[in-house]
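All the letters of the sequence shown, read from the start, carry residue numbers 5 to 298 under the numbering used here.
Glycine included, C-beta positions come from ideal geometry on N, C-alpha and C.
These numbers were taken from a predicted model, which means no experiment stands behind them.
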Amino acid sequence: MLAIKRFQKNNNLEPDAVIGPATLRELNRSPDDRINQIRVNLERWRWLPENLGQRHIMVNIANYQLAANGPDSQSIIHEVIIGRTYRQTPVFSASMSYLVLNPWWEAPAKLAREDLLPKFKKDPNVVNTFGYHVLNNKGDKLDNQLINWHEYNSKNFPFRIRQQPGILNAMGQVKLMFPNQHDIYLHDTPARDLFSKTRRDFSSGCIRVKNPIDLVQWVLSDTNAWPREKINTAVDSGKETTVSLKNRIPVHLIYLTAIVEDSTNYVRFIDDVYDRDKRVLDALSTPFSAGSVQ
Numbered sequence: 005m006l007a008i009k010r011f012q013k014n015n016n017l018e019p020d021a022v023i024g025p026a027t028l029r030e031l032n033r034s035p036d037d038r039i040n041q042i043r044v045n046l047e048r049w050r051w052l053p054e055n056l057g058q059r060h061i062m063v064n065i066a067n068y069q070l071a072a073n074g075p076d077s078q079s080i081i082h083e084v085i086i087g088r089t090y091r092q093t094p095v096f097s098a099s100m101s102y103l104v105l106n107p108w109w110e111a112p113a114k115l116a117r118e119d120l121l122p123k124f125k126k127d128p129n130v131v132n133t134f135g136y137h138v139l140n141n142k143g144d145k146l147d148n149q150l151i152n153w154h155e156y157n158s159k160n161f162p163f164r165i166r167q168q169p170g171i172l173n174a175m176g177q178v179k180l181m182f183p184n185q186h187d188i189y190l191h192d193t194p195a196r197d198l199f200s201k202t203r204r205d206f207s208s209g210c211i212r213v214k215n216p217i218d219l220v221q222w223v224l225s226d227t228n229a230w231p232r233e234k235i236n237t238a239v240d241s242g243k244e245t246t247v248s249l250k251n252r253i254p255v256h257l258i259y260l261t262a263i264v265e266d267s268t269n270y271v272r273f274i275d276d277v278y279d280r281d282k283r284v285l286d287a288l289s290t291p292f293s294a295g296s297v298q
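Laid out in structure tokens, this is it:
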């Protein structure tokens, strides 16, 4: 039992000691499978920028982990929650330029239609309980008590949904922004109990960070303008506060299913939660043809 749990935990599978399909698949991996897994991940390292940045943030989506790396080579590690398998967090690099303490949350249109509308239909009181504001397309706030949510569906939903700052806000106490075409960012979460899970693919694509105020302190540590006491005071105020970064911080979202553990220098193989390895391996295994290059 203990050996199975240890194996599951090492592979980022839920350590329930049950040899289900995912655990059985990992137990049956051959040496050739592991060699190919290393090939795939070496290729992924090749895709990264040559200069990651003297101070940078690296999020390994597959390992549910964020590392804040500085010039002193010491990393600050945070556990993270990633996108569900049907709303996968993408791989890319961008530059963090600002952060927001006590943010308002503007629900993406698709999420408002597909996730929030069913909740409003089931219990209209959710709107007030969770601090949602319902806006029309001009940005005017509407009286949600006058709205019959059952008149709407995902195809005719005409409203914008915003959520005020507070302990129930979907962003939690902070969001850290690195503008990108995917609308992905780092943020806190009110559902902090989910960090106790080994497999943590629960978000709608953005990355939820455990102990995010510690990360804020690291991000702002290159300036004397924002000591921890000032950060705490701003958070405790409950007011939305935007902080622009004097020096942008590169953020790299990567997907590695084979990593070297710093504490042991051993390779650890990780469950391919998004089933992305095969596509890369197929490309690597395809014979190169000069005639195919246009």
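{"query": "Neighbourhood of R91 by C-beta, 8 Å cutoff - its chain only, sequence neighbours within 5 removed", "result": "S207, S208 and G209"}
{"query": "Reference G176; option with closest CA among V213, P94, K159 and S101", "result": "V213"}
{"query": "L46, DSSP secondary structure in three states", "result": "helix"}
{"query": "Contained alpha helix (DSSP H) runs [length at least 4] in the segment 201 to 268, N- to C-terminal order", "result": "216 to 223 and 232 to 241"}
{"query": "Length at least 4, wholly inside the segment 108 to 143: the alpha helix (DSSP H) runs in chain order", "result": "121 to 126 and 130 to 133"}
{"query": "Counterpart residues of E83 in DSSP-defined beta bridges", "result": "Q69"}
{"query": "R252 beta carbon less than 9 Å from that of S101", "result": "yes"}
{"query": "N132 versus I61: straight-line alpha-carbon distance, rounded", "result": "36 Å"}
{"query": "Coarse secondary structure for K145, derived from DSSP in three states", "result": "strand"}
{"query": "S289 (DSSP reduced to helix, strand or coil)", "result": "helix"}
{"query": "Beta-carbon spacing of V318, V63 below 9 Å", "result": "Missing from the structure shown is residue 318; the chain here goes from 5 to 298 and no further."}
{"query": "Beta-carbon contacts of T227 that lie in its chain and below 8 Å, excluding the five residues immediately before and after", "result": "K250"}
{"query": "Segment limits, alpha helix (DSSP H) that includes A7", "result": "L6 to N14"}
{"query": "Beta bridge counterpart(s) of S99 as assigned by DSSP", "result": "P254"}
{"query": "Helix, strand or coil at Q78 according to DSSP, with G and I counted as helix", "result": "coil"}
{"query": "Sufficient close CB pairs (3 or more, under 8 Å) joining the segment 179 to 187 to the segment 99 to 113", "result": "yes"}
{"query": "Touching by the beta-carbon criterion (3+ pairs, under 8 Å), the segment 35 to 50 and the segment 158 to 177", "result": "no"}
{"query": "Residue burial classification, H154 (beta-carbon count within 10 angstroms, cutoff 16)", "result": "exposed"}
{"query": "Under the three-state DSSP convention, the category L150 falls into", "result": "helix"}
{"query": "Delimiting residues of the alpha helix (DSSP H) encompassing R29", "result": "P25 to L31"}
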